[in-house]
Every structure is written in C-alpha cells, then in structure tokens.
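Residue numbers (our numbering): 1 to 394.
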Ligand SMILES: *Cc1c(COP(=O)(O)O)cnc(C)c1O
C-alpha cells in the first residue's frame, strides 16, 4: 500500500506492518528468537541461493526489526533503514563502515558530544583525521574540505542552542566531491524536517528521543538509498550492536502515536518558549520558533515545526539555577528529550561537571543555562510548575 509521504498519522500507524499478522494478530508479533531453523538441507540451499527470502540468525535481522525499519523508512521517505541498539551505535558503525584510513571528515562544533569525541579521539586511531568547524561559519566549512574528505557530518537542530543548519547549502557545497553528507536529524525528526529532500545522503536518528517517545528504550536508525544502507547493514552484522525483537516492538508501539506526539511537542515547545521569553527572571531563550532566534528564518523556511526542546538562561548564578531545578514539583530532572514526560537539565552540573569553569564557559555552557524538553502534558500545567519554581528566585 502506498502512503501520502506527508500523512504522518497514516504512516505511523500502518507502514511497514502486514495487513494481517500471524494468528490474525493486528499487532506485529515479537519474534523472540536468536536463531531461525531449517527443515532440511534443501531448505538451506533455497535460502543460500536466494530462492527463499527468510531469516537465519538474530544478529543478521529479525521480522519485528524489519517491520520497525520499514515504518521508519516510510516516515523519512527513505528507500531503506537499518536499526541499531542506540543512536551512538548507529553513528559509530556508519562512520566506520564508510571511512578508510587516510580519509578525512568535517564535523560541526556543536554536534552531539559523544559524536565529536568519537571523531576527535577514536577516528585518529584508525588513520582518519577530522576537522571541527563552527556551525555558523559556512566559509570555514568550505575551506575545511580537502581532496581526501569523505564525510561531512552535520546535525540540525543542534544541542543545546538549537542552531539550524542550511542543509541545502551544505549539499551544494559537497556536490561532485565524492563526499557523503550525513545529518544527525534527531532533534528535527522526519515530521519537522526532510533532510533527504534537501540533498542529504544519509540521515541518522537516535530513536531513543522523539521516535520511540516514551523514555523507555534506546535505539538508533540510519536511513537513505539502499546503495548506501546496504554496506552499512553488512558492516553492522560484524559490529553487532543489534536492537533486538522486544525493543523493535516497543519502538513500533511508540511510533504509532508519533504524529500525534509531534503535534503536541511542537505546540508545547512554542508555548513554553514564548512564556519563558516574557518571564522577568529569564535572560535568554533559544528556540527556532522565536523571532529572536538566530536561525528563525532558516528554520521557518526548511522545517515544519521546531520540537519540544527549549534552552534558556535563568537570571541567577550557578547555585540559584540549581535551586530553581530543585524547586520543581512535577517536572523531572534528567538528560534526554522527546519522551512523553518533560525533562529538565542543567548542562553545567551534568554533561560538563568535570570541566574547568573557564573551559566550560568557552564552550558556551554558562552557569545559568538550562535545557528544558517538554513532554506531552498540557503546556499550562508545565508552565505552572516552572512558574512556582522560578518564584524562588525573587
Ligand atoms: C541522544 C542523541 C544521540 C545518541 O543517541 P543514543 O540513543 O543515546 O545513543 C546522538 N545524537 C543526538 C543529537 C542525540 O540527541
């Protein structure tokens, strides 16, 4: 069955799954097995000679995983998807699959922290050099490209400032240079941005966030044309960071409400950003849907919504900011985003706790910086809790 590529509800609910499943089940079954057996030697030959398409061993694939991959591919408008045990497994396996010793990669400076760390500390051990460029500086990006550059790794929007990259401009920049343009689109989701349509070759998501959406699993996905995904899938079979049938089922279940949740996430993000921007005890708010955001215009041109993550600076010092978090009654303190429960985090105390203050400030992580990720609650209820906690700062 064909789907209207922008009918996300239809795709979320139906794509990738059988019309009627085993035992007439409406849901895709969890095929909880590590191996798949053969009736006899002829059965093996039919499989090895490609006469029968079937499964062989859990690390190479599982029917529940296939259904989740097909649903994700349909959502992204991609030819093929391959799932991993986490977003980081998806990223590292993809980079290792595509890079060779002597190659070079360009990556932007506010990419996900562990992705940057992998490029800076792990890749050099395999003879791959990386150049880190400012997310704002397109001239520096162009200048960083060398004859041996094989990958341009972008991320949009970025964490925690929600900087938006001009993916179309990047795709023109790398065109004809034998470079794969990869975008970590976790913050955008296929609902809010269509990187493949903007010229990106490979899209990666941490499904842990908006796609699964319930703060209850880890998974990652890589999407693109089969000619590119095939070799990554083969390499993945060696690396072995597979998702597993039960997690695949949980992901399918989470995806059923993807479109509904994204509508609410986009609404909540905008409402909370607007509320915070007007609040006298808040200094700066970073949200692409606010006209004050550096990339508001680009975001409005290339995205359909801006998600639930809102970053802001409280009118307080390090301790005052922590006091504000401690005063929250319903909103939970924790990393991650994109789940049904709201989450709030103080990057200076968590991701950057072991940095010298000067070093942290140089990276733009101020003492009073807070990242808020709205859940699917009513915006008014979220605001109520934020309001009472902010009142402690008076
Ligand atoms: C969370 C995240 C990752 C890593 O994904 P995991 O599922 O936690 O391994 C990568 N990139 C971005 C932008 C993320 O937010």
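Glycine included, each C-beta is placed from N, C-alpha and C at the ideal position. Model, not experiment: these values are computed from the prediction.
Distance, Cα to Cα, residue 257 vs residue 51?
37 angstroms
Worksheet entry | Best match in 172, 376, 16, 65 for proximity to residue 32 [C-alpha to C-alpha] | 65
message = Could you give the first and the last residue of the continuous beta strand (DSSP E) run that contains residue 149?
response = 149 to 155
### Task
Note down, one range per segment and in chain order, each alpha helix (DSSP H) of at least 4 residues found wholly within the region 167 to 234.
167 to 174, 189 to 192
Original post:
Which of the three DSSP states, helix, strand or coil, is assigned to residue 8?
Top reply: helix
*Beta carbon of residue 344: closer than 8 angstroms to some heavy atom of ligand 1?*
The answer is no for residue 344.
*asked:* Among 63, 26, 321, whose alpha-carbon lies nearest the alpha-carbon of residue 36?
replied: 63
With a threshold of 8 angstroms on Cβ separation, who are the neighbours of residue 142 within its own chain once the five nearest residues in sequence on each side are excluded? 173
In chain order, what are the residue ranges of uninterrupted alpha helix (DSSP H) at least 4 long that sit wholly in the region 276 to 310?
296 to 302
Open item on the list: For the pair the region 214 to 221 and the region 335 to 342, tell me if three or more CB-CB distances fall below 8 angstroms.
Closed with: At 8 angstroms Cβ cutoff, the stretches touch.
Check: For residue 238, is the beta carbon positioned less than 8 angstroms from some heavy atom of ligand 3?
Finding: As far as ligands go, the structure on display features ligand 1 and does not contain ligand 3.
Next on the checklist: With H, G and I counted as helix, E and B as strand and the rest as coil, what does DSSP make of residue 402?
Outcome noted: Here the chain comprises residues numbered 1 to 394, so residue 402 is not present and cannot be evaluated.
Cβ-based neighbour list, residue 190, same chain, cut-off 6 angstroms, excluding 5 preceding and 5 following | 75, 76
Who are the Cβ neighbours of residue 196 in its own chain at under 8 angstroms, not counting the five residues just before and after it? 76, 77, 78, 203, 223, 224
So the candidates are 389, 229, 284, 369; which of them puts its Cα closest to the Cα of residue 325? 389
Say the cut is 8 angstroms; is the CB of residue 219 nearer than that to a heavy atom of ligand 1?
Yes, the beta carbon of residue 219 sits closer than 8 angstroms to at least one heavy atom of ligand 1.
Legend entry - Nearest to residue 192 (by Cα), restricted to the options 137, 259, 136: 259
* Asked: Between the C-alpha atoms of residue 54 and residue 47, what's the straight-line distance to the nearest angstrom?
  -> 7 angstroms
**Q.** Span of the beta strand (DSSP E), counted from its first residue to its last, around residue 324
**A.** Here residue 324 belongs to no beta strand (DSSP E); instead the alpha helix (DSSP H) covers 318 to 326.
**Prompt:** Should residue 352 be listed as close to ligand 1, given that the test is whether its C-beta is under 8 angstroms from any heavy atom?
**Reply:** No - ligand 1 has no heavy atom lying nearer than 8 angstroms to the Cβ of residue 352.
Can you give the Cα-Cα distance for residue 357 and residue 226, rounded to whole angstroms? 46 angstroms
Q) Which class does residue 258 belong to by DSSP, given the choice of helix, strand or coil? A) helix
Q. Given that a residue counts as buried once 16 or more other Cβ atoms are within 10 Å of its Cβ, and exposed if not, what is residue 287?
A. buried
Report task. For residue 243, collect the residues of the same chain with a Cβ closer than 7 angstroms to its Cβ; drop the 5 residues on either side in sequence, then sort them by chain order. Result -> 65, 83, 84, 85, 219
*Taking C-alpha atoms, which residue in 374, 115, 320 lies nearest to residue 205?*
Here the closest residue by C-alpha is 115.
Taking residue 379 as the reference, which of 104, 20, 263, 124 has the closest Cα? 263
Own chain, CB closer than 8 angstroms to residue 320, minus 5 neighbours either side, in chain order: 314, 368, 393
- prompt: Do the CB positions of residue 152 and residue 105 come within less than 9 angstroms of each other?
  reply: yes
Item to complete: For my contact list, residue 374 and residue 303 are in at a C-beta cut-off of 8 angstroms; report their separation, rounded to the angstrom.
Response: The pair is not a contact, with the Cβ atoms about 17 angstroms apart (cut-off 8 angstroms).
* **Within 9 angstroms, strictly: CB atoms of residue 309 and residue 170** => No, they are not a contact pair.
Are the beta-carbon atoms of residue 180 and residue 98 separated by less than 9 angstroms? yes
*Whole beta strand (DSSP E) runs in the region 340 to 384 with 3 or more residues, listed along the chain?*
Fully enclosed beta strand (DSSP E) runs of no fewer than 3 residues occupy 343 to 345, 369 to 373 of the region 340 to 384, in order along the chain.
Whole angstroms is fine: what's the gap from residue 312's alpha carbon to residue 333's? Distance between the alpha carbons of residue 312 and residue 333: 15 angstroms.
For residue 18, the residue or residues it bridges with in DSSP: According to DSSP, which records beta bridges pairwise, residue 18 is partnered with nothing at all.
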